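In the numbering used here, the protein residues as written are 8 to 339. Below is one structure, written out as structure tokens, with a few remarks after it.
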Ligand SMILES: C[S@@+](CC[C@H](N)C(=O)[O-])C[C@H]1O[C@@H](n2cnc3c(N)ncnc32)[C@H](O)[C@@H]1O
């Protein structure tokens, strides 16, 4: 049994937490209640489902192919109403939800869609008070979901190596939360170098980048025992390389890869059937848990599939492959 005191990893690192009483409740959630106010973003949806997002400015007009609307006719009303434009177009008026905001906000890099952000929050077990490291920040879509999930006692440390993307993310996150988020830090740099240099100890590390395997060592060193590493990768080759790199590292549990597919349904009287369109492949997700210092996951007892690590396989090779099976595959 290891000595509990000497083997313990340091506690996750929180930035100095703000006094809760000094921060408006909307700053943590991005959700505003009550009547629509100048400076807020709203979303109009027309009868064909076309969406228009804009900031309310007193005295300004919104123009569309169905005439115009005065912003002043929207300011001061409770969201959830229908309004007619000067040429008779009907518009539904609500504040945008986070899931609506992220698919319509300006983009630097490709964003993680709500179906995957939801999976990440659930399966990486993002909890109130968690210290989460994320890279790259891209356009800041996932950042918004992470910030909501960690709440006032948590911290999200985002890293991004391209300044122009960091600028887009900062703008988007600030717009959604209505100001600089009190629990967020955004740092420029490559995670593989910037995370070790930061000294951050994290409960969770989320990687959304082209080559997440290059950041496995940095993530492993930053993660607390029992912490979760999650990667979001678009292709099978990335998935394979990431999973094998995590196995070769040896300080994680067996990686668990999966994907999610979401299908709408059409429900109208007796016509109840799946929709014609669905959100199929977006990306693969993989999680693995950090073992305690010096601890190894159990050896795999099942032999790899024939040919899995044969002559055509050139990626990282797990050290604990049963000897016979390696030779067998190399000979195959
Ligand atoms: C697909 S985007 C991330 C999108 C983001 N998750 C979102 O939901 O908006 C990938 C980003 O990772 C950044 N990146 C790639 N490798 C990186 C690394 N090693 N360290 C930091 N950022 C990295 C890229 O510059 C890019 O902005």
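Backbone N, C-alpha and C fix where the C-beta goes; we use that ideal spot for every residue, glycine too. This structure is a prediction, so every number in the text was calculated from the model and none was measured.
Is it the case that the Cβ atoms of residue 253 and residue 295 are separated by a distance below 8 Å?
yes
Mapping the DSSP letters down to three states, classify residue 203 as helix, strand or coil.
helix
With DSSP as the reference, label residue 284 as helix, strand or coil.
strand
Reduced DSSP category for residue 33 - H, G, I as helix; E, B as strand; rest coil
helix
Out of 193, 226, 196, which one is the CA nearest neighbour of residue 208?
226
Return the Cβ separation of residue 315 and residue 235 in integer angstroms, given the expectation that the two are a contact with Cβ distance under 8 Å.
Their Cβ separation, rounded to whole angstroms, is 26 Å, which puts residue 315 and residue 235 out of contact at 8 Å.
What separation, rounded to the nearest whole angstrom, lies between the Cα atoms of residue 183 and residue 105?
8 Å
Step through the CB atoms of chain B and report whether any lies within less than 8 Å of the CB of residue 77.
Among the chains in the structure shown there is no chain B, since it carries only a single protein chain.
So, are the CB atoms of residue 205 and residue 154 less than 8 Å apart?
no
Using a Cβ-based criterion (distance less than 7 Å to any ligand heavy atom), does residue 130 qualify as near ligand 1?
no
With a 10 Å radius around its C-beta and 16 neighbouring C-beta atoms as the bar for buried, classify residue 72 as buried or exposed.
exposed
Exposed or buried, what is residue 112 when buried is set at 16 or more other beta-carbons lying within 10 Å of its beta-carbon?
buried
Just checking residue 166 against ligand 1 - is the residue's beta carbon closer than 7 Å to any of the ligand's heavy atoms?
yes
Exposed or buried, what is residue 313 when buried is set at 16 or more other beta-carbons lying within 10 Å of its beta-carbon?
exposed
Enumerate in chain order the residues of its own chain whose CB-to-CB distance from residue 147 is below 6 Å, with the five nearest sequence positions on each side excluded.
176, 179, 180
Tell me residue 71's beta-bridge partners as DSSP assigns them.
74
Report yes if the C-beta of residue 105 is less than 7 Å from at least one heavy atom of ligand 1; otherwise report no.
no
For residue 26, which residues of its own chain have a beta-carbon under 7 Å away from its beta-carbon, when the five flanking residues on both sides are left out?
none
If the criterion is Cβ atoms closer than 8 Å, does the pair residue 81 and residue 68 meet it?
no
Count the other C-beta atoms from every protein chain shown that fall within 10 angstroms of the C-beta of residue 126, then say buried if there are 16 or more, exposed otherwise.
buried
Could you check whether residue 78 and residue 99 sit closer than 8 Å to each other, using their CB atoms as the reference points?
no
Between the C-alpha atoms of residue 159 and residue 185, what's the straight-line distance to the nearest angstrom?
15 Å
For residue 200, collect the residues of the same chain with a Cβ closer than 8 Å to its Cβ; drop the 5 residues on either side in sequence, then sort them by chain order.
225
Are residue 151 and residue 109 close, meaning C-beta to C-beta below 8 Å?
yes
Counted within 10 angstroms of its Cβ, other Cβ atoms place residue 121 as buried (16 or more) or exposed:
buried
Using the beta-carbon count (16 or more within 10 Å), is residue 321 buried or exposed?
exposed
Quick check: is any heavy atom of ligand 1 less than 7 Å from the C-beta of residue 37?
no
So, with DSSP's three-state summary, where would you put residue 180?
helix
Within the same chain, show all residues whose beta-carbon is closer than 6 Å to that of residue 165, passing over the 5 residues directly before and after it, in chain order.
141, 144, 150, 193
Distance between residue 18 and residue 9 (C-alpha atoms, nearest Å):
Confidence at residue 9 is low in this model, with a pLDDT of 44, below 50, so the placement of that residue should be treated as unreliable; the coordinate-derived value is given next. Roughly 18 Å separates the two Cα atoms.
Where does residue 165 fall in DSSP's three states?
strand
Burial state of residue 167 (16 or more Cβ within 10 Å)
buried
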